[in-house]
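Protein sequences appear in the order of chains H and G. Numbering follows our numbering, in which position 321 of the first sequence is assigned residue number 1250; successive positions increment by one, without gaps. Numbering follows our numbering, in which position 267 of the second sequence is assigned residue number 534; successive positions increment by one, without gaps. Just so it is clear, CB atoms sit at the ideal spot from N, CA and C, and this is done for glycine as well. Below is one structure; the comments refer to it alone.
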Amino acid sequence: MRFVARKLGFYLAAAWVALTINFFLPRLMPGNPVEVVIARMQQSGPTPPGEAAALSKLLGLGSGNVFQRYWQYLDSLSHLRLGLSVSHFPEPVSSEIASSILWTLLLVGVATIISFVLGIALGAVAGWKRGFRLDALVPATTLLTAMPYFWVGLILVYVFATNVVHVLPASNGYDTAAGLTVGFNGPFIASAVQHATLPALSIIVTAVGGWLLGMRNMMVSTLSEDYVVAAEAKGLRPSRIMIGYAARNAVLPSISGFAISLGFVVSGAIAMEYVFNYPGIGYMLVTAVSNDDYPLMQGIFLVITLAVLGANLIVDLFQGYIDPRTRIAR
Amino acid sequence: MTATNLATATADAAAAPELGGQRPGGRLREAFRSRRLVAGTAIVGFFVLLAIAGPFFFPNANKIGGPQYAGPSARYWLGTTQTGQDVFAQLVVSARASMEIVVGVALLATVVSVVIGITGAYVGGFVDEAFSLFSNFFLVIPTLPLIIVILAYVKSSGIASLIVIIALTSWAASARVLRSQTLSVRNREYVLAARASGERAWRIIVVEIVPNELPIIVSQFIFGGIFAILTQTALQFIGLGNPTLLTWGNMLNIAYSDEALNAGAWWWIITPGLCIALLGMGLALINFSLDEILNPRLRVYSDRRSRARRSRAGRAPAGRAA
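Right under this line is the structure:
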């Protein structure tokens, strides 16, 4: 129980720090963000009365001293008032974010799981046969891991979508021209899967190497443990030793790494979404930045951060449940 | 994302080993027998030379007016851009700014992580609690969105501000590795002896602890470099760099927005990314062999004695012993 309270306290404190950073960010800007935003809003239509006041509260630039402004900012957030988007005026920021976050979660989530499973399996084999043929894979996977994932995306687009063969779509989350209804229906899902293939592949290609190397290292360390030698002495089949004795123990640190990366799925693969014009939260963040859409930008930052913190909290609690040793260690 | 994966993969390995015991000179000589270390050092050294000398060979790499989207030829080794700029010249000149950011971020992040990680763990008590809370916070916060939002507000994308912003969001993992190592070192005899003889805390940290953790600090420095090259490329690619500065990330950004993909100008897309990947690979190879030095259990033995030991344990594949 103390463990849970401690974790909860840390994440609450972290969320509070994130909110506070978010409050102070607009102050970094030379000039007045509210004027910039209102001026841009007026280009797309009449702004509702009171929008300037609401916006300055939200950006932490309301009236009064710092504490009063901070209070007004927290008050707006507690009512989930994230303001209106500038680039999609007058859509509220909250509905913009809601429409994009599921795309990112599904795409990056599935890609993360696939790369983990693949990397662990390959890493277990590479560690088992150390110094043997498969170990030559290590420099190759290092190269794969060092490649920028969005650049892999560009190459995949070049090869599979635009220039060499035309088998997969190069952009968007689904076929927008085919008149599909977004929802749980066959044609839409088929189109979405097809559009997600290249983005997911660009994540998998670059992420597999990290898991592979980590698993391979742990595997090599585990193989020199006494219980592995004992298992060999008992004459167990090598496959049984590899999976049941070595890999099973070697995978533990990777599982905590996997848990952490699951927590970061929400923050997505921003540059990759930019390459594919994928309708996720990362692409929305990039367009918000290039359009000076400060309310949307801050809303996205806040949602991503709180979601990542929440996911990490769940992962931490879950991990304390699987591996009791982590409950004592901080 | 990939940087964090790589970091988690080897951070555990780097934290594990016992330090000391061997003479540093002997360790270094042994290290250079590793082909990985030689290859990694050669690659990184090549890019360092390129960054220093490259720009002198191509004083006007931004010159426009050549043929548009010309493929690789004797005149233009790596073809031209949409405005007829020489891709090879741009690639060479870009090495400087890209490497400046890499070195700057790695240095700054290492200094911060040494201060936070080692000082906190050595001093202990409230300072340690506060410092590790601070670094844990930076570990759980999604850094790329934070960097993007800060850059959007600061509206300055000079090299210096980019270095500071990337470094200040990337030191936390190293600080945690150094903290756990310091916790195990701080009660060793030589530290206790120094403390008993009345040395001041900062002197013990600088003279006794830091030199002993140097291999780990170097490895964290290299991680900083890997993180910096990947992060700066991503930021520049989505248009948050200074577009007038020649870097590999900016080249990719311009190539992408000038529709190099549709024009089939693969040479303009592939080459900057390849430089980034090679540099990252060189750094990772160095780190990988550092890990093997620090953690002997990871080594792939090739001398006869250990091979015999391995086959006695029954694990050496049959074909290998022959």
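Taking the Cβ atoms as the reference, residue 379 of chain G lies roughly 7 Å from residue 434 of chain G, within the contact range of under 8 Å. Below the 7 Å Cβ cutoff, chain G contributes 528, 533 and 536 as neighbours of residue 1087 of chain H, in chain order. Within the same chain, and ignoring the five residues on either side of residue 1213 of chain H in sequence, the residues whose Cβ sits closer than 8 Å to its Cβ are 1025, 1026, 1029, 1225 and 1229. Taking residue 1078 of chain H as reference, the option from G:519, G:422 and G:441 with the minimal CA-CA separation is G:519. Interface residue (Cβ-Cβ distance to chain H less than 8 Å): residue 422 of chain G is classified as such.
Neighbours of residue 1083 of chain H in chain G, taken as residues whose beta carbon is under 8 Å from its own, are 519, 523, 528, 536 and 540 in chain order. The C-beta separation of residue 439 of chain G from residue 406 of chain G comes to about 5 Å, placing the pair in contact by the 8 Å criterion. The Cβ-Cβ distance between residue 551 of chain G and residue 535 of chain G does not fall below 8 Å.
Residue state for residue 512 of chain G is assigned as coil, using DSSP reduced to three classes. Residue contact check for residue 454 of chain G against chain H: no CB pair falls below 8 Å.
For residue 1083 of chain H, the closest alpha carbon among the candidates G:539, G:555 and G:302 is that of G:539. Distance between residue 1135 of chain H and residue 1192 of chain H, taken at the CA atoms: about 18 Å. Ranked by how close their Cα comes to the Cα of residue 1149 of chain H, the residues H:1176, H:1131 and H:1006 have H:1176 in first place. Scanning its chain for C-beta atoms nearer than 7 Å, with the 5 sequence neighbours on each side dropped, one finds around residue 332 of chain G the residues 351, in chain order. Cβ proximity to chain H below 9 Å picks out 493, 496, 497, 500, 501, 502, 504, 505, 506 and 507 from the region 487–509 of chain G. The continuous stretches of alpha helix (DSSP H) do not include residue 525 of chain G, and DSSP gives it neither H nor E. Its Cα nearest to that of residue 541 of chain G, the residue G:515 stands out among G:383, G:416, G:506 and G:515.
Going by DSSP, residue 454 of chain G is part of no alpha helix (DSSP H) at all; its letter is neither H nor E. One alpha carbon belongs to residue 1112 of chain H, the other to residue 1036 of chain H, and they sit about 16 Å apart. In the DSSP annotation of this structure, residue 1103 of chain H is not part of any alpha helix (DSSP H), being labelled neither H nor E. DSSP places residue 941 of chain H within a helical segment (H, G or I) once states are collapsed to three. Cβ-Cβ distances below 8 Å link residue 458 of chain G to 452, 471, 475 and 476 in the same chain, with the five nearest sequence neighbours on each side left out; the list follows chain order.
In this structure residue 1196 of chain H touches residue 1233 of chain H by the C-beta definition: roughly 5 Å separates them, less than 8 Å.
Counting only residues of its own chain and dropping the five nearest sequence neighbours on each side, residue 498 of chain G has a CB closer than 6 Å to the CB of 433. Contact between the region 1036–1054 of chain H and the region 969–985 of chain H is absent: fewer than three C-beta pairs spanning the two stretches fall below 8 Å. Under the three-state reduction of DSSP, residue 347 of chain G is assigned to strand.
The C-alpha of residue 1014 of chain H is placed about 12 Å away from the C-alpha of residue 1218 of chain H. With its beta carbon at least 8 Å from every one in chain H, residue 312 of chain G lies outside the interface. Residue pairing by DSSP places residue 353 of chain G opposite G:347 in a beta bridge. Contact between residue 1040 of chain H and residue 1129 of chain H holds, with the beta-carbon distance rounding to 4 Å and staying under 8 Å.
Annotation for residue 1011 of chain H: 1022, 1023 and 1228 place their beta carbon closer than 6 Å to its own, counting only its chain and skipping 5 residues before and after.
Under the Cβ distance rule, residue 939 of chain H counts among the residues neighbouring chain G, one pair being separated by less than 8 Å.
Within its own chain, the residues whose Cβ lies closer than 7 Å to the Cβ of residue 1161 of chain H, once the five positions on either side in sequence are excluded, are 1170, listed in chain order. It is roughly 19 Å from the alpha-carbon of residue 546 of chain G to the alpha-carbon of residue 375 of chain G. Rounded to whole angstroms, the Cβ separation of residue 1133 of chain H and residue 1043 of chain H is 6 Å, and the two are in contact under 8 Å. With respect to the C-alpha of residue 1223 of chain H, the residue from H:941, H:1165 and H:955 having the closest C-alpha is H:955.
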